[in-house]
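Counting from 1, position 59 in the sequence shown corresponds to residue 63 in the numbering used here; the numbering is continuous, with no gaps. Working notes, structure below.
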Amino acid sequence: MIEVEQLTKLYGPLPALREVSFRVEQGEIVGFLGPNGAGKTTALRILTCFIPPTSGFARIAGLDCQEHPLEVRAKIGYLPENISLYSDMTVRRFLAFAASAKGVPRSGRSAEVERVMERSSIKEVASRIIGHLSKGYRQRLGIAQALLNDPPILILDEPTIGLDPAQIVEIRALIKELGGERTIILSSHILPEVSQICQRILVINRGQIVATDTPANLTSQLRRTQQVHIQVEGPDAEIREEFNGVKGVLRVQPGDGPGSYLVETDRHEDVRPVLARKVVARGWQLREMRTQEVSLEEIFMELVTDEGAREEME
Numbered sequence: 005m006i007e008v009e010q011l012t013k014l015y016g017p018l019p020a021l022r023e024v025s026f027r028v029e030q031g032e033i034v035g036f037l038g039p040n041g042a043g044k045t046t047a048l049r050i051l052t053c054f055i056p057p058t059s060g061f062a063r064i065a066g067l068d069c070q071e072h073p074l075e076v077r078a079k080i081g082y083l084p085e086n087i088s089l090y091s092d093m094t095v096r097r098f099l100a101f102a103a104s105a106k107g108v109p110r111s112g113r114s115a116e117v118e119r120v121m122e123r124s125s126i127k128e129v130a131s132r133i134i135g136h137l138s139k140g141y142r143q144r145l146g147i148a149q150a151l152l153n154d155p156p157i158l159i160l161d162e163p164t165i166g167l168d169p170a171q172i173v174e175i176r177a178l179i180k181e182l183g184g185e186r187t188i189i190l191s192s193h194i195l196p197e198v199s200q201i202c203q204r205i206l207v208i209n210r211g212q213i214v215a216t217d218t219p220a221n222l223t224s225q226l227r228r229t230q231q232v233h234i235q236v237e238g239p240d241a242e243i244r245e246e247f248n249g250v251k252g253v254l255r256v257q258p259g260d261g262p263g264s265y266l267v268e269t270d271r272h273e274d275v276r277p278v279l280a281r282k283v284v285a286r287g288w289q290l291r292e293m294r295t296q297e298v299s300l301e302e303i304f305m306e307l308v309t310d311e312g313a314r315e316e317m318e
């Protein structure tokens with residue numbers, strides 16, 4: 005559905021994108037994750053035909069974004085990071101104007117406006133002036149205008165930026181619902197966003213793709229160690245000595261609360277049975293033991309930090 009090949013964008017001598025390549029299949033929800041200034045918005049502006057690349061190509065449904073910009077735009081619903089809304093219009097009036105601009109036939113325009121308002125749960129504010137809407141409703145209105153003319157692809161740039169926690173949950177739920185019907189690229193620098201919504205993640209840093217996979221696979225592939233949280237009732241110094249003597253244990257750190265330890269181990273060694281036997285043999289009380297997964301945030305920071313370190317060495 006979306007193909008990007010060797011995409012490069014220069015602003016003067018400065019590269020915003022450097023030979024970026026990726027694919028998004030039909031029906032996928034893909035997260036475009038990276039720190040601010042990584043090149044996310046530049047890539048999305050090329051995909052939506054707002055700016056041309058310096059080299060390389062992008063195709064939407066087999067159509068080149070440079071050679072067929074009007075046809076490509078007809079297939080995309082776009083929510084930019086800072087959407088321009090006419091604050092003196094009502095919601096319904098604005099959507100009717102946007103529908104006209106998108107080429108929705110006059111005869112079906114009212115029905116289409118009603119459909120997208122229903123889909124994005126803004127019918128209750130249809131007659132409200134946009135300037136009086138909350139940030140959450142304005143974001144929903146932005147999604148509603150992206151849904152006009154029923155495009156098969158949605159590109160959402162920072163869709164929950166500036167929202168409160170309750171509004172974020174609502175927008176996430178809406179995006180998940182839409183994902184069953186459409187191909188979605190969701191750009192964000194907010195880690196929970198992509199891990200909770202997206203089936204696959206593209207991590208971009210300094211204009212280059214540094215990783216792509218599912219959240220679970222990224223964690224599995226890049227996890228160099230694993231952690232075991234264990235809570236034991238016994239003498240601290242002796243517990244540490246016993247745990248540090250177990251094969252595969254790299255280090256033992258204090259956990260959260262009294263008697264808690266975070267045991268870091270080689271990812272290929274399951275030390276839990278040995279730790280349990282040690283505790284029982286010494287007559288200590290084992291209160292809790294569980295593995296502690298590496299978070300997507302830790303994976304993201306590792307990717308970004310490693311990539312930056314490699315560039316500084318070159």
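All C-beta atoms in this analysis are idealised placements derived from N, C-alpha and C, irrespective of residue type, glycine included.
| Item | Value |
| --- | --- |
| Looking at the unbroken beta strand (DSSP E) that takes in Q296, where does it start and where does it end? | 289-296 |
| Note the first and the last residue of the continuous alpha helix (DSSP H) segment covering T218. | T218 -> no alpha helix (DSSP H), and no H or E assigned at all. |
| Taking 8 angstroms as the limit between beta carbons, can you name the residues of its chain near L167, skipping five residues before and five after? | K139, G140, Q143, I175 |
| Quick check on A62: does DSSP put it in helix, strand or coil? | strand |
| Can you give me the C-alpha to C-alpha distance between Q212 and G43, rounded to a whole angstrom? | 8 angstroms |
| Report all residues from its chain with a CB closer than 6 angstroms to the CB of G252; omit the five preceding and five following residues, and keep chain order. | T269, D270, E273, V275 |
| Measuring CA to CA, which of P73, G66, G135 is closest to I55? | P73 |
| Looking at the strands, I want to know which residues DSSP matches up with A175. | The question names Ala, yet the displayed sequence has Ile at residue 175. According to DSSP, I175 bridges with nothing at all. |
| Quick check on S383: does DSSP put it in helix, strand or coil? | Because the chain in this structure spans residues 5 to 318, residue 383 falls outside the shown range and cannot be described. |
| Find the nearest neighbour of L290 within the set V236, D260, T12, P57, judged by alpha-carbon distance. | V236 |
| Helix, strand or coil for Y90, going by three-state DSSP, please let me know. | coil |
| So E85 and T45 are supposed to be a Cβ contact under 8 angstroms. How far apart are they, rounded? | 6 angstroms |
| Using C-beta distances below 8 angstroms, list every residue in its chain close to D282, excluding the 5 sequence neighbours before and after it, in chain order. | Looking at the sequence itself, residue 282 is Lys, so the reference to Asp does not match. Closer than 8 angstroms at Cβ, skipping near neighbours: E246, F247, V250. |
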